[in-house]
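All residue numbers for the sequence shown refer to my numbering, where the first residue is 4 and numbers rise by one.
Here a beta-carbon is modelled for each residue, glycine too, at the ideal position from N, C-alpha and C.
Notes for the one structure printed next.
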Amino acid sequence: MNKCDFDTLQQRRGTASVKWDVLSDDETLPLWVADMDFRAAPEIISALHERVDSGVFGYALAPESWRQSLARWLATRHDWTIDTKWLVEATGVLRSLGAAIDVFCSNGDGIIIQAPAYCGFLEVIHDHGVELLESPLRRVPSHGEGDFSYEMDFEDLERKASDPRAKLFLLCNPHNPAGRAWSADELRRAGEICRRHGVFLLSDEIHADLQMPGSRHVPYAKVAEGFEDTFMTFWSATKTFNLAGLHASVAICANSKVRDRMRRMHSKHGTGYLNTFSFLASSVAWDKCAYWLDELRTYLHGNYLALVGFIRERMPSVRVADLDATYLAWLDVTAHGVPSWELAQRLETEAKVKLSPGAMFLEPEGESFLRVNLASPRAMLMEALERCARMKAGKSILTQHK
Ligand SMILES: Cc1ncc(COP(=O)(O)O)c(C=O)c1O
Numbered sequence: 004m005n006k007c008d009f010d011t012l013q014q015r016r017g018t019a020s021v022k023w024d025v026l027s028d029d030e031t032l033p034l035w036v037a038d039m040d041f042r043a044a045p046e047i048i049s050a051l052h053e054r055v056d057s058g059v060f061g062y063a064l065a066p067e068s069w070r071q072s073l074a075r076w077l078a079t080r081h082d083w084t085i086d087t088k089w090l091v092e093a094t095g096v097l098r099s100l101g102a103a104i105d106v107f108c109s110n111g112d113g114i115i116i117q118a119p120a121y122c123g124f125l126e127v128i129h130d131h132g133v134e135l136l137e138s139p140l141r142r143v144p145s146h147g148e149g150d151f152s153y154e155m156d157f158e159d160l161e162r163k164a165s166d167p168r169a170k171l172f173l174l175c176n177p178h179n180p181a182g183r184a185w186s187a188d189e190l191r192r193a194g195e196i197c198r199r200h201g202v203f204l205l206s207d208e209i210h211a212d213l214q215m216p217g218s219r220h221v222p223y224a225k226v227a228e229g230f231e232d233t234f235m236t237f238w239s240a241t242k243t244f245n246l247a248g249l250h251a252s253v254a255i256c257a258n259s260k261v262r263d264r265m266r267r268m269h270s271k272h273g274t275g276y277l278n279t280f281s282f283l284a285s286s287v288a289w290d291k292c293a294y295w296l297d298e299l300r301t302y303l304h305g306n307y308l309a310l311v312g313f314i315r316e317r318m319p320s321v322r323v324a325d326l327d328a329t330y331l332a333w334l335d336v337t338a339h340g341v342p343s344w345e346l347a348q349r350l351e352t353e354a355k356v357k358l359s360p361g362a363m364f365l366e367p368e369g370e371s372f373l374r375v376n377l378a379s380p381r382a383m384l385m386e387a388l389e390r391c392a393r394m395k396a397g398k399s400i401l402t403q404h405k
């Protein structure tokens, strides 16, 4: 029996929400930035209440119990044993990425990412003034419930890694927005390429826990045993348990020199000081909320299937990427001949639905994509899709070919 209620829409307007409070009116439905419209698990809410009732909010220190909670979670959910000494905490995965760039790159150096790519990466890379070395993913036939999928282009990755500017490879595992959960074989090959060229690998696993039923996360660390000095993993409970506003993450790094330098960078930029609530909420999540996550994954999968069904029936020229993991659906709307930023803008003003345009994610030139956040009550998702399909009194650019 279901214990969790993912069907009730939470009131988020007026709560300083990035997702809801940037909308220009009260009607628009937001399916863009990657947080969820669901209440956190009750265990997390009551632990936070208790802490609030203590009435004391002094400086916080990462408790060993928090490190142990994560270590247990990784061992039980992902069969990955870590040493708690390896953890370098940060106020977000993007802050760890920034610190890693500071540690590894100087003027003219570059970082490889696989396109399409999460827009937050692009901002951090741009802000740090390092070269973006783009290795496009290859589009391949579907292996799941969508219309197409992606694989790594190893030849291109090898070319990019052999570029003397390449110091880092940022692997997104699982991949936002392509929806891929990489296989052990793919991860191994990517790792071998990086090691051959002395490129340090950053594995962003923030979406790791959000696997669709039938898919299993492979931590990069599991295929790189014996090479612990050559990579680090970014991890967080915030995406999995909808705690992003609490700002907590870790870099899991066995290389002690890199670890020390990461800590120095966080100290320099003030990005290593987490707050009391974030430690508490993430340990309770890891210790007590696996059941909530399992129900959530089933619900998200139901939302994905509902979206695929709706699109096949009502928007037949839209193609949907397979979703192995994450709660972000990636739609190919190239057939409509409208650039993604323009399409997203029109959907927002005319259909009152805010989606993310593929242009933010390094979509291939000449193609057009939209990203849809599936982590809302199903009724809201379906209402948003209905609005898109109905746009312009049945003459929606999504339902008709150009
Ligand atoms: C792949 C990926 N990495 C990092 C982030 C951001 O993480 P944080 O808020 O911890 O910086 C996101 C947020 O959507 C993401 O999708």
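For the alpha helix (DSSP H) containing residue i, name the first residue and the last one.
| i | result |
| --- | --- |
| Pro-222 | Premise fails: Pro-222 is in no alpha helix (DSSP H) and is neither H nor E. |
| Pro-45 | 45-57 |
| Gln-348 | 343-349 |
| Leu-73 | 67-81 |
| Arg-142 | Element bounds for Arg-142: not the alpha helix (DSSP H) but the beta strand (DSSP E), 141-144. |
| Met-235 | Not the alpha helix (DSSP H): Met-235 falls in the beta strand (DSSP E), residues 234-238. |
| Leu-454 | An answer regarding residue 454 cannot be provided, because it is not within the stretch 4 to 405 covered by the chain. |
| Trp-289 | 279-291 |
| Asp-188 | 187-199 |
| Phe-157 | 157-164 |
| Arg-266 | 259-272 |
| Leu-125 | 122-130 |
| Leu-97 | 96-107 |
For residue i, which residues from the same chain have a beta carbon less than 6 Å from its beta carbon, with the 5 sequence-adjacent residues on both sides left out?
| i | result |
| --- | --- |
| Ala-211 | His-220 |
| Pro-360 | Ser-343, Trp-344 and Ala-347 |
| Leu-388 | Phe-313 |
| Thr-274 | Ala-93, Thr-94 and Arg-98 |
| Phe-237 | Val-96, Ser-99, Asp-207 and Ala-254 |
| Val-59 | none |
| Ala-19 | none |
| Ala-378 | Met-39 and Tyr-330 |
| Pro-45 | none |
If we call anything under 8 Å between Cβ atoms a contact, is residue i one with residue j?
| i | j | result |
| --- | --- | --- |
| Met-155 | Ala-187 | no |
| Glu-137 | Ile-116 | yes |
| Ser-252 | Gly-111 | no |
| Gly-182 | Trp-83 | no |
| Leu-358 | Arg-381 | no |
| Ala-184 | Gln-214 | yes |
| Asn-376 | Leu-34 | yes |
| Phe-107 | Lys-163 | no |
| Leu-326 | Gly-217 | no |
| Met-394 | Glu-366 | no |
| Ala-118 | Pro-144 | no |
| Ser-371 | Val-341 | yes |
| Ala-257 | Glu-298 | no |
| Leu-204 | Ala-309 | no |
| Tyr-121 | Phe-364 | yes |
| Phe-124 | Arg-322 | no |
| His-81 | Pro-177 | no |
| Ile-47 | Cys-292 | yes |
| Phe-157 | Val-202 | no |
Measuring alpha carbon to alpha carbon, tell me which residue in the options is nearest residue i.
| i | options | result |
| --- | --- | --- |
| Asp-29 | Lys-355, Met-385 and Leu-308 | Lys-355 |
| Gly-132 | Asp-8, Ser-109 and Asp-327 | Ser-109 |
| Glu-351 | Val-226, Gly-149, Ser-320 and Arg-390 | Arg-390 |
| Thr-233 | Ile-255, Ser-239 and Thr-243 | Ile-255 |
| Met-5 | Glu-368, His-304 and Tyr-294 | Inspection of the sequence shows that residue 5 is occupied by Asn rather than by Met. That would be Tyr-294, whose Cα lies nearest to the Cα of Asn-5. |
| Val-21 | Phe-9, Glu-126, Tyr-302 and Val-36 | Val-36 |
| Ala-328 | Glu-195, Asn-179, Ala-227 and Asn-306 | Asn-179 |
| Tyr-153 | Ala-378, Glu-189 and Leu-173 | Glu-189 |
| Asp-290 | Ala-78, Leu-26, Glu-195 and Asp-56 | Ala-78 |
| Gln-71 | Arg-54, Ser-57 and Leu-90 | Leu-90 |
| Asp-166 | Glu-228, Leu-174, Glu-53 and Ile-196 | Ile-196 |
| Asp-105 | Ala-74, Ala-227, Thr-301 and Val-127 | Val-127 |
| Arg-15 | Val-25, Asp-8 and Cys-7 | Val-25 |
| Gly-229 | Thr-243, Arg-198 and Ile-209 | Arg-198 |
| Thr-243 | His-272, Leu-303, Ala-224 and Arg-266 | Leu-303 |
| Ala-103 | Asp-8, Asp-335, Thr-337 and Arg-266 | Arg-266 |
| Leu-160 | His-129, Asn-306 and His-200 | His-200 |
At a cut-off of 7 Å, would you count residue i as near ligand 2, judging by its Cβ distance to the nearest heavy atom?
| i | result |
| --- | --- |
| Cys-197 | Summarising the ligand content, the structure contains ligand 1 and does not contain ligand 2. |
Quick one: residues in its chain with C-beta nearer than 7 Å to the C-beta of residue i, no 5 flanking neighbours on either side, listed in chain order?
| i | result |
| --- | --- |
| Asn-245 | Asp-38, Met-39, Phe-41 and Ala-43 |
So with Cβ pairs under 8 Å, would you call residue i a contact of chain D?
| i | result |
| --- | --- |
| His-220 | Looking for chain D here will not work: only one protein chain is present. |
Going along the chain, which residues of its own chain have a beta-carbon closer than 8 Å to the beta-carbon of residue i, five neighbours each way excluded?
| i | result |
| --- | --- |
| Ala-50 | Leu-283, Ala-284 and Val-287 |
| His-250 | Thr-94, Gly-95, Thr-241, Leu-277, Asn-278 and Ser-281 |
| Thr-31 | Glu-351, Lys-355, Val-356 and Lys-357 |
| Val-226 | Ala-187, Leu-190, Arg-191 and Gly-194 |
| Leu-12 | Asp-40, Ser-379, Pro-380, Ala-382 and Met-383 |
Output the boundary residues of the beta strand (DSSP E) element that contains residue i.
| i | result |
| --- | --- |
| Phe-60 | Counting along the chain, Phe-60 falls outside any beta strand (DSSP E), and DSSP gives it neither H nor E. |
| Lys-170 | 169-175 |
| Ser-20 | It is not in any beta strand (DSSP E) - Ser-20 carries neither H nor E in the DSSP assignment. |
| Arg-42 | Element bounds for Arg-42: n/a, residue is neither H nor E. |
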